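Asker:
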Amino acid sequence: MKNTPLHNTIDAHIEFSFKGGTHSLTSNIDLDQIMEHDHSMPSFHAILARDHQIDTYSYLYEVMQEMEIEFRNAQGIAAMFLHDGTFDYDGFAASWQEHKVLALLQPIATRELGIADLDEHPGLKNALVQAYNLGAYNLGHTT
Numbered sequence: 001m002k003n004t005p006l007h008n009t010i011d012a013h014i015e016f017s018f019k020g021g022t023h024s025l026t027s028n029i030d031l032d033q034i035m036e037h038d039h040s041m042p043s044f045h046a047i048l049a050r051d052h053q054i055d056t057y058s059y060l061y062e063v064m065q066e067m068e069i070e071f072r073n074a075q076g077i078a079a080m081f082l083h084d085g086t087f088d089y090d091g092f093a094a095s096w097q098e099h100k101v102l103a104l105l106q107p108i109a110t111r112e113l114g115i116a117d118l119d120e121h122p123g124l125k126n127a128l129v130q131a132y133n134l135g136a137y138n139l140g141h142t143t
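Residue numbering for the sequence shown follows the working numbering, starting at 1 and increasing by one per position.
1) Which full runs of the alpha helix (DSSP H) of 4+ residues lie inside the segment 72–133, going along the chain?
2) Using a Cβ-Cβ cut-off of 8 Å (strictly less than) and excluding sequence neighbours within five positions of residue 139, which residues of its own chain qualify?
3) On the CB-based measure, 16 or more other CB atoms within 10 Å of its CB, does residue 136 come out buried or exposed?
4) Run through the DSSP bridge pairs and tell me what residue 28 is partnered with.
5) Hey, how far is the Cα of residue 73 from the Cα of residue 83?
6) Around the C-beta of residue 145, are 16 or more other C-beta atoms found within 10 angstroms, so that it is buried, or is it exposed?
7) Taking residue 15 and residue 24 to be in contact with their CB atoms under 8 Å, please state how far apart those CB atoms are, rounded to whole angstroms.
8) What is the rounded straight-line gap between the Cα of residue 35 and the Cα of residue 113?
9) Nearest-angstrom Cα distance between residue 4 and residue 117?
10) Find the nearest neighbour of residue 125 within the set 69, 105 and 22, judged by alpha-carbon distance.
11) Just to confirm before moving on: does the CB-CB distance between residue 76 and residue 7 stay below 9 Å?
12) Taking the alpha-carbon of residue 66 as reference, which of 55, 17 and 39 has the nearest alpha-carbon?
13) For residue 21, does the three-state DSSP call read helix, strand or coil?
14) Considering residue 65, what are the terminal residues of the alpha helix (DSSP H) in which it resides?
Here you go:
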């Protein structure tokens, strides 16, 4: 897995009818921003509503929530998790986190061990990731 900068976006699109009118809404979503600030799956319906000034306490929003969102135009690693209009957010989130961890670890491996690509050393890569995860876990669970 090459150390590439994260820049992941996706378009969320929904179409529905309400009170005789057709609504066709699309939002370009910055997935990196969501991953940095939210630690759970976002409500893509709520994002679409916010971007298109739809009150989330309205009947229009309730109708909108009944419709399935179609995802398009994924960029970055998000593209690997977009299939036929469906986005595997959980798969993306796990991959995004792995890329982020490796982006932190690769410079250490280069500086301290002279290793330019951790992918060429899978055992070491695995050990470093496990050590990172153990440290992150222990920071969150101090005794």
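Just so you know, even glycine gets a beta-carbon here, dropped at the ideal spot from N, CA and C.
All values derive from a computational prediction rather than experimental measurement.
Answerer: Working from what's here:
1) 89–113
2) Residue numbering aside, residue 139 sits at position 139 when the sequence shown is read from its first letter. Closer than 8 Å at Cβ, skipping near neighbours: no residue.
3) Locating residue 136 in the sequence shown gives position 136, counting from the first residue. By the 10 Å Cβ count, residue 136 comes out exposed.
4) Here residue 28 is taken as the residue at index 28 of the sequence shown, counted from 1. Residue 28 pairs with 11.
5) The sequence position of residue 73 within the sequence shown is 73, counting from 1. The sequence position of residue 83 within the sequence shown is 83, counting from 1. Approximately 11 Å, taken between the alpha carbons.
6) This structure leaves residue 145 out entirely; the chain is present only between 1 and 143.
7) Numbered from 1 along the sequence shown, position 15 holds the residue referred to as residue 15. Numbered from 1 along the sequence shown, position 24 holds the residue referred to as residue 24. The pair is a contact, with the Cβ atoms about 5 Å apart (cut-off 8 Å).
8) For the purposes of this step, residue 35 is taken as residue 35 along the sequence shown, with counting starting at 1. For the purposes of this step, residue 113 is taken as residue 113 along the sequence shown, with counting starting at 1. Whole-angstrom Cα-Cα distance: 30 Å.
9) In the sequence shown, counting from the first residue as 1, residue 4 sits at position 4. In the sequence shown, counting from the first residue as 1, residue 117 sits at position 117. For residue 4, the predicted model reports a pLDDT of 48, less than 50, meaning its position is unreliable and no value from the coordinates is stated.
10) Position 125 of the sequence shown, counted from the start, is the residue given in the question as residue 125. Residue 105 is the option with its Cα nearest to residue 125.
11) As a first step, residue 76 must be located in the sequence shown, where it is residue number 76. As a first step, residue 7 must be located in the sequence shown, where it is residue number 7. Yes. Within cutoff.
12) To locate residue 66, count along the sequence shown from 1; it is residue 66. It is 17.
13) Translated into the one-based positions of the sequence shown, residue 21 becomes position 21. DSSP places residue 21 in strand when its eight states are reduced to three.
14) Within the sequence shown, the letter at position 65 stands for residue 65. Looking at the DSSP string, the run of the alpha helix (DSSP H) that includes residue 65 is 59–65.
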